[in-house]
Structure formats: C-alpha cells, structure tokens
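Numbering (our numbering), first residue to last: 3 to 168.
Input: a single structure, listed below in structure tokens.
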Amino acid sequence: MRKLFTSFSGLILLLSKDEQNIQQEDLDSGLFYFGCVREHLFGSLEEDGPEPSKEDLLSRKWSERIAQTYSQRFVRRKQALARIRETILKAEEQGRVLWRPTPADERSYSAFNAFLTQHGLTPINLDDLSHDRYSLSNDRFHSHDAAALLATAGELEVWTHMRVTD
C-alpha cells in the first residue's frame, strides 16, 4: 500500500533507527506532506555541522558509553537526512511533495485534498472532520485527523510523527 509521510522529523527518526517497516520502494512511491518548509529540509544537512569528536563529548562529562551512543546516532541521523534529501528531490520531480508555503502559513486541508486528487486518490470529506478542530474559516491541517480518515478509505498508509495508521 502506498505511504503518506506527514512528519519530516518522524521520518528522520524512523530511518536513523533502521526502521524495517520503511523500504526504499515506499520512499520511491510515497507522498510527502511535511509540516515544514522546503528550506528546513535542505538546510538541515549543513546546519548539523561536523560530527562531534569523542573528546568533545567526553568533555561534557558524559560517560564513554553515552558519548559513543551519541556519536553513532549522529552518524545515522546524517545518513537518514542524506537519504531523505535524495528521495525528496526525486519526489519533487514527480510531483509527490507538497510543501508548506512559508513558515507563517499553516498546512491546509484544501491544499491537501487537491494534492490527493492530483494523485488519483479520494479527497477527505471535510464534513467528517471533528468540528471543534476544523471549520472552513480555519482550514488548518491536522495530520492525526487526516490519518484516521484516510485509513478508513484504505488507499494510503499514513505515517505521522511516530504513529503508523493503516
């Protein structure tokens, strides 16, 4: 089943933990509607800086075991970021990524529904959304609400922050 990824940080964490539930084919065919702007993803690799040295980590009064674990996680996270970056560049060429326009803009259901329709998927019936969290005047996208509704349609497996719905 095709996957929809709605959390950039959740995807980094899953891939850096060598999550076996996410295969390369899932990334190659998946849809992406992250809560961040494009610049967040493509600035992340450079902003992380170099891997901290063992001496630097130990100077923080960390035990050697904790310093080693941190260092290993840093390397895996860098690898996951590089993999996501490569995947997203390909997905953008294929129209499988919908970005939040600016940091000030919220993700919207109307944009999300247009994105689903563009990919031949059934849009969310906005009448089915919880009205205490949604109104036409506040079109703010909530990934967990969308995940629950999309799961019932059975067209997409939705990966949100760390929760998986299918």
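Built from N, CA and C at the ideal position, the CB exists for glycine as well.
Computed from a predicted model, the values in this text were never measured in an experiment.
Report the three-state DSSP secondary structure of Leu33 (helix, strand or coil).
-> In this structure, DSSP gives Leu33 an extended state, which the three-state scheme calls strand.
Which of helix, strand or coil does DSSP assign to Leu123?
-> In the structure shown, Leu123 sits in coil (DSSP, three-state: anything other than H, G, I, E or B).
Would you identify the three-state DSSP class for Leu13, choosing helix, strand or coil?
-> DSSP places Leu13 in helix when its eight states are reduced to three.
State buried or exposed for Leu33, treating a residue as buried only when at least 16 other CB atoms are found within 10 Å of its CB.
-> Answer is buried; the Cβ neighbour count reaches 16.
Please report how far the alpha carbon of Glu94 lies from the alpha carbon of Gln74, in whole angstroms.
-> If I take the Cα positions, the gap works out to 30 Å.
Provide the residue span of the beta strand (DSSP E) that contains Glu108, from first to last.
-> Looking at the DSSP string, Glu108 is not in any beta strand (DSSP E), and its letter there is neither H nor E.
By Cβ distance below 6 Å, which residues in the same chain neighbour Thr100 in space, the five residues on each side in sequence not counted?
-> One point to set straight first is that residue 100 is Leu, not Thr, in the sequence displayed. Only Tyr35 and Phe117 meet the Cβ criterion.
Would you mind reading off the limits of the beta strand (DSSP E) that contains Val160?
-> Element bounds for Val160: Glu159 to Trp161.
Just the Cα atoms here: how many angstroms apart are Lys92 and Leu128?
-> Going by the C-alpha atoms only, they are around 31 Å apart.
Can Lys19 be considered in contact with the ligand FAD, in the sense that its beta carbon sits closer than 6 Å to one or more heavy atoms?
-> Among the components modelled here there is no ligand, and therefore nothing to report on the ligand FAD.
If you draw a straight line from the alpha carbon of Met3 to that of Gly122, how long is it in whole angstroms?
-> Their Cα atoms are separated by approximately 14 Å.
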